[in-house]
Every structure is written in structure tokens, then in C-alpha cells.
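These notes concern the structure reproduced below.
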Amino acid sequence: MGPFFTWKLVPGNLAPFYQSYIELAAFLTVILLGAAAMVVRRNRQVWRRVVQAVSLFVFFLVVSSCLGVFGLIRNFYFGLAWPGKDDLRAFYYMGMTVVVVGLAFNFGPVFCGWICPTGTLQEWTGALRTRFRARSTPIARKALALGVAAVVLAAFLVGTERVFRSRRPMLEDSAVLWASALAVITLFAMLRPKADRALKVIRYVSLGVILLFCIAGVTVTSPVHFVFSNVHDWASLLSTLVIMGSALLVSRAWCRYLCPFGVVLCGIGKHALTRVECGPGCTRCNQCAPVCTTGAVERGELDAMACTMCLACVDACPEGALVVRRPGVRERAEAAHA
Ligand code: SF4
Ligand code: SF4
Ligand code: SF4
Numbered sequence: 444m445g446p447f448f449t450w451k452l453v454p455g456n457l458a459p460f461y462q463s464y465i466e467l468a469a470f471l472t473v474i475l476l477g478a479a480a481m482v483v484r485r486n487r488q489v490w491r492r493v494v495q496a497v498s499l500f501v502f503f504l505v506v507s508s509c510l511g512v513f514g515l516i517r518n519f520y521f522g523l524a525w526p527g528k529d530d531l532r533a534f535y536y537m538g539m540t541v542v543v544v545g546l547a548f549n550f551g552p553v554f555c556g557w558i559c560p561t562g563t564l565q566e567w568t569g570a571l572r573t574r575f576r577a578r579s580t581p582i583a584r585k586a587l588a589l590g591v592a593a594v595v596l597a598a599f600l601v602g603t604e605r606v607f608r609s610r611r612p613m614l615e616d617s618a619v620l621w622a623s624a625l626a627v628i629t630l631f632a633m634l635r636p637k638a639d640r641a642l643k644v645i646r647y648v649s650l651g652v653i654l655l656f657c658i659a660g661v662t663v664t665s666p667v668h669f670v671f672s673n674v675h676d677w678a679s680l681l682s683t684l685v686i687m688g689s690a691l692l693v694s695r696a697w698c699r700y701l702c703p704f705g706v707v708l709c710g711i712g713k714h715a716l717t718r719v720e721c722g723p724g725c726t727r728c729n730q731c732a733p734v735c736t737t738g739a740v741e742r743g744e745l746d747a748m749a750c751t752m753c754l755a756c757v758d759a760c761p762e763g764a765l766v767v768r769r770p771g772v773r774e775r776a777e778a779a780h781a
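If you read the sequence shown in my numbering, its first letter stands for residue 444, the second for the next number, and so on.
In C-alpha cells form, the structure reads like this:
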């Protein structure tokens, strides 16, 4: 595939080691911006969207190494071989993942809710869905859902055939395989919304497969790979469109059902120092549920394994019952009900 155009702002020869210093600096800037926005309570969701936009800009225009949701796992695994032998190489492979995982130990999976470009792209397409649902009849919604599903499936089949005709499956175009799984799972989830929780278990399978490939030394590419790398990869572009199309049918479908890195971050987030919890003031009004893009909260009950720490539910709760619990910080809800 020939290049569409070169969009990166930073050419490779400026960087000391594959641009990793520049990328890490840009990445840390996004995280600092996110941290500052998280503590602001007024218009927090507006600030979150600003951080997401800045982050997408940084990933698209600055980052050039593979920092997709597979790359962050694989690079860390490769990096384990280098500390003590070649620390610069170890830094290159492990630096970003260490930052994101360290962040999750402290603040939960904020990478998912505030920074990850794959999450942001889905959230933005999902917002179109929410807007349409609010203004349409059930029949129109079903017709649109079926129409989108048909277009996603048709585009996917045509694209896959084109990609696999000329390239090696799995090694070069593995993103398409995950995208095909996503298309099937999303259609199933759309038809059977009650299966949502069970389908989320598939993320563990996805993680297991990625780890097996890492151990076997097989490089598989992330579905949104082309956003990070200047690689002009049709398979990645196609997969990105499938991820965004799926989010029109089920919000953040990729995050919910297939992302291997998300399940790692949520697992860490479950035991993080900072967590969202429901206090005694909950009236079970369920106003928190519709604002959650991953179906992680229902009548004040949180599923930490699906939460992205976006804090939308905290901001939407009319009773102030949902709170961000941090060590040493007095709770709003406890203070209100003392
Ligand atoms: S679950 Fe995966 S794709 Fe979704 S926001 Fe988190 S890391 Fe990104
Ligand atoms: S919005 Fe608040 S009060 Fe209502 S169910 Fe959710 S946590 Fe409870
Ligand atoms: S449970 Fe709340 S903080 Fe977690 S993802 Fe849902 S809305 Fe965001």
C-alpha cells in the first residue's frame, strides 16, 4: 500500500532512540493535563473531552512506535529481555506501558477513560448514536441499527477479501481478524443486550491469545495501528472503521468485549488507590447508567472490571452518592451524610 501522505510532525532522525524520548514527553504531557482536569469538578466531562482531543492529536501527529492496545503489551514483553543488557532499548520497549500501568495502580484505568485514542474514537461515534436515539422512534432505531450492521459487515467482507488476497494473514493483517470477531460479537450483543456481561469475558481470551503470540515471537498488529505509526496499513484502517462502526451499534464495543489491554488495566484498577464507589445516599434512581459508555454501572452498583474511570456517573449522580475515593481525601458523600 502506498503512502496516503506523511502526517507525523516529528521526523525519526530528531529522536535519540526511535523517538521514544519525544513520545514519552508528549505522552506525559497528556497525562498531566488529564490529571489536572480530573480534579476539576465543574464541567469535568468537557475537560475530559478536551484531554481526549489533545491526546488523539498527540498520538496521531507525534507517536510513531506501535503503541496500540496490542503493542503496549507486546513491547513490554519484549522489553523484559533488555534491562541490564541494553537499558536504552528496555526503556524504549517498556517506558510507555510502565507509565500507563503505574497510572492504573494509582488512579485506575484513566488511560481508557481519558487518553486512549481507540477509546476516544469509539466514544465520539457512540455520541452520534446517543443523539440519534434521543430523537428517534424505536422502529427508526432498529432500521438504522440493521442498516449500519449491514454496511459494516459488507465493508468488512469486501475489505478482508482485498487485504488477504495480497498479504499474509495474521502476521501483517491480524487486526482484521480481531475486527471480524468484533463485528460478530457486536451483532450478537445488539440482538441480545442481556448477554453484555457474559460477552465481556471474551476480553480474557483476547488477552490470552496476545500473550501466546508474544511468547511465540509472532507480531500481531493492533486494529488502530495506523493512528500511531506512519505505516499506511489498509488492514488497520479497515479495522479502525469496523471499531468505530461497532460503537454506533453498542457503545465502546471494542473496549467492552475484545480489548486485551483494557482488561489488564481494569484488573489493576479494581485494586487501585483511587476508585469510584457508591456511598449511602444512593436512591437507586439509575440516572448513572445511561451516561456510562461501557455498561459498568447499574443503580449505583459498579462493575470495576468494565469501568474506565471517566467519572461521568459521578458527575451525573443527582444525590452525590457516587464518589471518587482517594486515600486521605474526605468523601463528599460521607461529609454530606455525617
Ligand atoms: S479498553 Fe482498550 S481500547 Fe478501550 S480505552 Fe482501554 S485501552 Fe483503549
Ligand atoms: S444516579 Fe446516584 S442515586 Fe441514582 S442510582 Fe446512580 S448512584 Fe444511585
Ligand atoms: S462506571 Fe462511571 S466512571 Fe466507570 S466507566 Fe461508567 S460512567 Fe465512567
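All C-beta atoms, glycine included, are put in the ideal place defined by N, C-alpha and C. Nothing here was measured: the structure is a model prediction, and the numbers come from that model.
Bridge partners of ARG699 according to DSSP: none are assigned. Relative to ligand 2, the beta carbon of ALA764 is positioned inside 7 Å of a heavy atom. The count of Cβ pairs closer than 8 Å, one atom from the region 697-712 and one from the region 646-658, reaches three, so the stretches are in contact. Between GLY569 and SER665, the CB-CB gap reaches or exceeds 8 Å.
Excluding residues up to 5 positions away in sequence, ARG487 and GLN488 lie with their Cβ nearer than 7 Å to the Cβ of ASP758 in the same chain. The set of residues with CB atoms less than 5 Å from any heavy atom of ligand 1 reads, in chain order, VAL512, CYS555, CYS559, THR561, GLY562, CYS698, CYS702, PHE704 and GLY705. Here DSSP, grouped into helix, strand and coil, assigns VAL707 to helix.
At a cut-off of 7 Å, the beta-carbon of GLN488 does not count as near ligand 2: no heavy atom of the ligand is closer than that.
DSSP places ARG742 in the coil class of the three-state scheme, outside both helix and strand. Taking a cut-off of 8 Å for Cβ pairs, the region 524-541 and the region 676-693 do not touch, as fewer than three such pairs fall below it. Sequence-distant Cβ neighbours of LYS713 in its own chain, meaning closer than 6 Å and more than five residues away, are ALA747. Distance from the CA atom of GLU720 to the CA atom of GLY477, rounded to whole angstroms, is 20 Å.
One Cα belongs to PHE656, the other to ASN518, and the distance between them is close to 12 Å. Less than 8 Å divides the Cβ of LEU642 from the Cβ of ALA632. Assignment of beta-bridge partners to ARG484 by DSSP yields no partner.
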